[in-house]
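Single-structure report; data block below.
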Amino acid sequence: MTGQQHPAPGSIIVFLNPDAHESSVFIEGVVVGEPLTDPETSRPWVPVLRPGRMLSILDAANIVEARVP
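At position 62 of the sequence shown (counting the first as 1) the number is 85 in this note's numbering, and the numbers step up by one without a gap.
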């Protein structure tokens, strides 16, 4: 993702699908909280509500686009 590393809550994001067994390469979701920082790697992780109301904690490096509603 260019510019912003961790989008604000409520942002609609497009991210690389972490599940290699699914047919979709990119998925849309909504950021539902503040980013968390991994204390070991200092990488930001973002809570995302995915299609089907599945909640995931997503590595911010997988976000390719973010839109603020």
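C-beta: ideal position from N, C-alpha, C; glycine also.
From a predicted model like this one, the values you see are computed outputs, not experimental measurements.
* Backbone secondary structure at ALA95 - three-state DSSP -> Any property of residue 95 remains undetermined from this structure, which presents the chain solely from 24 to 92.
* Kindly identify the DSSP beta-bridge partner or partners of THR64. => DSSP, once it has assigned bridges, lists no residue as partnering THR64.
* Would you identify the three-state DSSP class for PRO74, choosing helix, strand or coil? => In this structure, PRO74 counts as helix in the three-state DSSP scheme.
* **Local conformation of ASP42 per DSSP, three classes** => coil
* Asked: In the structure shown, what three-state DSSP assignment does SER79 receive?
  -> strand
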